[in-house]
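Chemist: Read left to right, the sequence shown gives residues 1018 to 1259 (the working numbering). Even for Gly, the Cβ is constructed at its ideal location relative to N, Cα and C. Quick caveat: nothing in here was measured; it's all calculated off a predicted structure.
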Amino acid sequence: MAALLELDHVAKAFGTVVVADELSYTLAAGEILGVVGPNGAGKTSMLNLITGSLQPDRGRILLDGRDITAMPVHARARAGIGRTHQVPHPFGGMTVFENVLIGASFAGQRTGADPRTATVAALERTGLLAHANTPAGALTLLDRKRLELARALASGPRLLLLDEIAGGLAEHEVQALIEIIRALRGEGLGIVWIEHIVQALVSVVDRLMATNYGRKLAEGAPKTVMASPEVQSVYLGQGIRA
Ligand SMILES: Nc1ncnc2c1ncn2[C@@H]1O[C@H](COP(=O)(O)OP(=O)(O)OP(=O)(O)O)[C@@H](O)[C@H]1O
Ligand SMILES: [Mg+2]
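#1: Between the Cα of Arg-1161 and the Cα atoms of Leu-1024, Leu-1177, Phe-1108 and Ala-1037, which residue gives the shortest distance?
#2: Counting pairs of Cβ atoms below 8 Å between the stretch 1205-1216 and the stretch 1182-1195, do you hit three or more?
#3: Where do the N-terminal and C-terminal ends of the beta strand (DSSP E) with Leu-1042 fall, by residue?
#4: Determine, using beta carbons only, whether Thr-1143 and Ile-1198 come nearer to each other than 8 Å.
#5: Which class does Ala-1259 belong to by DSSP, given the choice of helix, strand or coil?
#6: Report yes if the C-beta distance between Ala-1028 and Asp-1081 is below 8 Å; otherwise report no.
#7: Kindly list the residues whose CB is nearer than 6 Å to the CB of Glu-1236, restricted to its own chain and excluding five residues on each side of it in sequence; keep chain order.
#8: For the alpha helix (DSSP H) holding Ile-1214, just list the boundary residues, first then last.
#9: For Ala-1020 and Leu-1206, what's the separation of their Cα atoms in angstroms?
#10: What residues sit near ligand 1, counting only those whose C-beta is closer than 6 Å to one of its heavy atoms, in chain order?
#11: Looking at Glu-1212 and ligand 3, is the gap between the Cβ and the nearest heavy atom below 7 Å?
#12: Comparing C-alpha positions only, which one of Glu-1165, Leu-1156 and Leu-1218 sits nearest to Glu-1188?
#13: If you draw a straight line from the C-alpha of Gly-1267 to the C-alpha of Ala-1092, how long is it?
Structural data, given as structure tokens:
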């Protein structure tokens, strides 16, 4: 059976800045891949390459074995790719419900699901139902992160891309997100989760990949990856430990 997601020697550079260097890996449905790397390593760019907002210079991206490299962003979203943004930017003047409804309406056209039902379900899964009528601009950072996740989930993704969803949160807030993400794995979603908080990743992911300058430094069991000399040397002095 084809992998849910496959990157096949994907390469991308902005001038001399390399953000993907012959990057190859696969992700199965129901699997969570954690991605770590220093600032500017190309992690967000990798997600942009998968969603289609960025085109690779070389290489292929496959979803269910189908080459989607030339497919535009909206078609990839329709094919089941959902993402959260590193910096949440909800429509601040709209309520939480309305923000999520946008994603759900989009999915409704594809799946025939009732957008309002899908919105309530996404708000329930992310613990936001009590804030359904709150203006998004009034949310705390944790709730804005939850809203990012709810919007992505409401679009009914099979592949979910998380870009530092736990960044900037207090430890107990990170724990709340971890519980939500754990539950998603049980539903068969494939997840690529970028995070600087290595402890959070290690407690959830099946596999960890460390990157720098768009290049894969190591991939495998989280503890083994973090212990590898190449990864340790990149993180030396940054205080990041497995
Ligand atoms: N559209 C663009 N045009 C030019 N350079 C870009 C563009 N997007 C990203 N870059 C550069 O590519 C490098 C990688 O950026 P990217 O945002 O992918 O890193 P990151 O690993 O997500 O970093 P962080 O951990 O800080 O979020 C950076 O040097 C960035 O300035
Ligand atoms: Mg980033």
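Modeler: Reading it off the structure:
#1: Phe-1108
#2: yes
#3: Inspection of the sequence shows that residue 1042 is occupied by Tyr rather than by Leu. Run containing Tyr-1042: 1034-1044, per the beta strand (DSSP E) assignment.
#4: no
#5: Because Ala-1259 carries a pLDDT of 45, less than 50, the predicted location of this residue cannot be relied on, and no value is offered for it.
#6: no
#7: Met-1226
#8: Taken as a continuous stretch (DSSP letters only), Ile-1214 belongs to no alpha helix (DSSP H), as it is neither H nor E.
#9: 12 Å
#10: Phe-1031, Val-1034, Val-1036, Gly-1054, Asn-1056, Gly-1057, Ala-1058, Gly-1059, Lys-1060, Thr-1061, Ser-1062 and Gln-1103
#11: Here the bound small molecules are ligand 1 and ligand 2; ligand 3 is not part of this structure.
#12: Leu-1218
#13: A question about residue 1267 goes unanswered here, because the residues of the chain that appear run from 1018 up to 1259.
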